[in-house]
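Colleague: Got a structure here, written out as structure tokens. Questions coming.
2 protein chains.
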Amino acid sequence: MNALQERILRDGKILGGGILKVDSFVNHQVDPMLMDACGRDFAKRFANVGATKILTAEISGIAPALTTAIHLGLPVVYARKTKPVTMPDQVYLTLAPSHTKGRMVELIVSPEYLANGEKVLIIDDFLASGQTILGLARLAEASGSRIVGIGTLIEKIFEGGRNALSTLGVPIESIACIKSLDDGKITFVD
Amino acid sequence: MNALQERILRDGKILGGGILKVDSFVNHQVDPMLMDACGRDFAKRFANVGATKILTAEISGIAPALTTAIHLGLPVVYARKTKPVTMPDQVYLTLAPSHTKGRMVELIVSPEYLANGEKVLIIDDFLASGQTILGLARLAEASGSRIVGIGTLIEKIFEGGRNALSTLGVPIESIACIKSLDDGKITFVD
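Protein sequence lines, in the order shown, are assigned to chains A and B.
Whatever position you read off the first sequence (first residue = 1), add 43 for our numbering.
Whatever position you read off the second sequence (first residue = 1), add 43 for our numbering.
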């Protein structure tokens, strides 16, 4: 069992509706040492995919994407959910359903930072339905870039995201892969 | 001149209205090596303030706060601007005017992660009017915590934030301190 799995068992809280609360070390309070270790782990797993840029979605993807970027020495871009005043008028924009927000959210990337020919490694906190990551993949493809890998801290395999992403044909790595949250118990894939 | 100042001169863009665009290395695309160097710098500057927790505001405060947290070995909490479903009903909430959004935004922290007696180091990307940081300070004080220092990547001294924060009576450190953006030219404080 790795450090993230141990931490999930110790501090994760099952809220019902398939929601796992990890606010004490990933989503609101962040454990920087754990996040750094996860970044090092992703860097190792994706050492040979030839990535030139890391892409994530604000907000909670930023921490794991940044530590991965530090260990791979690559720039990281986080898709914005609202367009800031500093962004040009012409952007890459897609919509993705947000499970926790119960509505569609925008994912926006400036063409300044996602150019034709990039090899993009997507890093995010959760892989659930995979819809946010598919949205990021659409942004990358719109820019003429190519996805070369997907890494998530926590995968809930019972939500089918891995299957939804399989059409992308790239390696998908999750540090903690959860089989079930049934009966108030967190069970990892062996 | 430090690495952040050099980068601002090279890649920063003056947009008018006192807005300095640093989207290519801080706010949308992040240079992880530069951010790590800034985190190391903050860790050194605040090595002796006795901080027990780092506090920042989503979204663009997360990167510098996280790298500072890595170098100080402290947990980091980022105030949310919308309340996620995982947060309890009872929270610390304050309002702060957002310069770039032109409206008030909420800053929300769960009492689970900001407890009585914490010594809080605030890290953020910009110090402009200081209103976001004052909001973070109110959240910390509401929880019975005490601010012990404030660090920002980029200070625009002509917006008066340092003066607004002086009542807090704590050290304020900025890595790049901008005196003027007049005439399309970025001038740092010596």
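Beta carbons are placed, not taken as given, at the ideal position from N, Cα and C, and that holds for glycine.
Within 8 angstroms, do at least three Cβ pairs link the stretch 201 to 214 of chain B to the stretch 117 to 134 of chain B?
Modeller: no
Colleague: Hey, quick one: how far does the alpha helix (DSSP H) through L179(A) stretch, first residue to last?
Modeller: 174 to 185
Colleague: Whole-angstrom Cβ separation of C220(B) and I200(B), contact assumed at under 8 angstroms?
Modeller: 6 angstroms
Colleague: L224(B) to E49(A), Cα distance in whole Å?
Modeller: 50 angstroms
Colleague: Note down the Cα distance separating P140(A) from N45(B), rounded to an integer number of angstroms.
Modeller: 42 angstroms
Colleague: Measuring alpha carbon to alpha carbon, tell me which of S153(B), R83(B), Y121(B) ends up nearest Q133(B).
Modeller: S153(B)
Colleague: Output, in sequence order along the chain, the residues in the stretch 82 to 113 of chain A whose CB is closer than 8 angstroms to any CB in chain B.
Modeller: Residues passing the 8 angstroms Cβ filter: E101, I102, I105, A106, L109, T110, A112, I113.
Colleague: In three-state DSSP terms, what is E149(B)?
Modeller: strand
Colleague: Are there 16 or more other CB atoms within 10 angstroms of the CB of D226(A), so buried, or fewer, so exposed?
Modeller: exposed
Colleague: Ignore the nearest five residues each way along the sequence and tell me which others in L196(A)'s own chain have a CB closer than 8 angstroms to its CB.
Modeller: L47, V69, C81, P107, D167, D168, F169, S217, I218, A219
Colleague: Taking the alpha-carbon positions, what's the T137(A) to L150(A) distance?
Modeller: C-alpha of T137(A) to C-alpha of L150(A): approximately 5 angstroms in a straight line.
Colleague: Quick one: does M147(A) have its CB under 8 angstroms from some CB of chain B?
Modeller: Not flagged as an interface residue toward chain B: M147(A), since no C-beta distance is shorter than 8 angstroms.
Colleague: Kindly indicate if chain B contains any beta-carbon less than 8 angstroms away from that of D233(A).
Modeller: no
Colleague: In angstroms, rounded to a whole number, what distance separates the CA positions of A180(A) and P75(B)?
Modeller: 22 angstroms
Colleague: Any residues in the stretch 168 to 180 of chain B with a beta carbon nearer than 7 angstroms to a beta carbon of chain A? Which ones, in chain order?
Modeller: none
Colleague: Give, in chain order, every residue of the stretch 179 to 211 of chain A whose Cβ lies closer than 7 angstroms to some Cβ of chain B.
Modeller: none
Colleague: What is the rounded straight-line gap between the Cα of G187(A) and the Cα of V163(A)?
Modeller: 11 angstroms
Colleague: Counting only Cβ pairs nearer than 9 angstroms, list the residues of chain A close to D66(B).
Modeller: P127, T129, M130, S153, E155, Y156
Colleague: Along chain C, in chain order, which residues have C-beta atoms closer than 8 angstroms to that of N70(A)?
Modeller: Among the protein chains in the structure shown, which are A and B, there is no chain C.
Colleague: Ordered along the chain, which non-local residues of its own chain (more than five positions away) have a Cβ less than 8 angstroms from that of D54(B)?
Modeller: Cβ within range, chain order: V65, S67, F68.
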